[in-house]
Every structure is written in C-alpha cells, then in structure tokens.
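A.B. asks: Residue numbers (this note's numbering): 666 to 772.
The beta-carbon is built from N, C-alpha and C at its ideal position, and this holds for glycine as well.
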Amino acid sequence: MERPQETTDARRYPRLECLAPVRVRYAGWRVQFARMVDHSDGGFRVLSRSAFEEGAQVELVFEGFVPEGSALSLLETYVGVVRWTRKVEGPGLPLFEAGIEWVRDSS
Numbered sequence: 666m667e668r669p670q671e672t673t674d675a676r677r678y679p680r681l682e683c684l685a686p687v688r689v690r691y692a693g694w695r696v697q698f699a700r701m702v703d704h705s706d707g708g709f710r711v712l713s714r715s716a717f718e719e720g721a722q723v724e725l726v727f728e729g730f731v732p733e734g735s736a737l738s739l740l741e742t743y744v745g746v747v748r749w750t751r752k753v754e755g756p757g758l759p760l761f762e763a764g765i766e767w768v769r770d771s772s
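1) For the beta strand (DSSP E) containing residue 678, list its first residue and its last residue.
2) Taking 8 Å as the threshold (C-beta atoms), are residue 690 and residue 726 in contact?
3) For residue 723, is the classification buried or exposed, using 16 other Cβ atoms within 10 angstroms of its Cβ as the cut-off for buried?
4) Going by the CB atoms, is the gap between residue 753 and residue 760 shorter than 8 Å?
5) When the Cα atoms are used, what is the spatial distance from residue 700 to residue 741?
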C-alpha cells in the first residue's frame with residue numbers, strides 16, 4: 666500500500682519530528698533495528714533496512730541509560746500495527762519506511 670498523500674487535512678493528530686533509535690520486534694521473535702523519524706498520538710513512522718509486512722503487529726522498544734545502571738537497558742515498549750510501507754528510492758543500501766498505528770489498551 667502506498668503511503669497516503671501528506672496533507673494537513675488528512676491528519677488526525679499533529680506529527681512531531683524526531684530521530685530516535687528503536688528496536689522493532691515482530692512475528693513473535695524477529696527484531697529489526699530502525700529509526701523513528703516522527704510520532705503523534707496516533708502512531709509513528711520508522712525507517713529501516715528491511716521492509717515490514719502490512720497488518721503485522723509490532724512492538725517498538727526504546728533503549729537508554731538508567732541512573733541505577735551503567736549499561737543500556739530497555740526503557741519502554743509500545744504495541745502497534747503496520748498500516749503502510751514503502752521502499753525509499755535513492756542510491757546505496759535499500760531503505761524502507763513504515764507507518765505504524767498505536768494499539769490502544771482495551772481495558
């Protein structure tokens with residue numbers, strides 16, 4: 666599915682640009698390292714060297730330093746569903762972009 670045209674009228678939530686390294690876990694065991702490049706109250710967009718499957722449920726895992734430790738540890742995990750994906754055209758290694766919608770807690 667092609668990424669929808671970016672228009673301010675089509676957005677349900679404002680987007681905030683960022684550049685954060687994340688791990689994306691999917692298919693129960695696969696882990697893909699990616700960069701989150703924007704986020705909103707509705708979801709986030711990542712860039713990765715591998716494509717994700719549309720409709721797949723994924724976990725976005727943030728890492729960072731914690732005051733109690735001297736090494737990286739997992740900070741937060743969020744669940745989402747891949748809504749669209751596309752290959753980014755350009756020279757060099759392949760690069761893929763994916764739009765992922767947050768899964769709301771049903772409780």
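C.D. replies: Inspection of the coordinates gives the following:
1) Careful: residue 678 lies outside any beta strand (DSSP E) and carries neither H nor E.
2) yes
3) buried
4) yes
5) 15 Å
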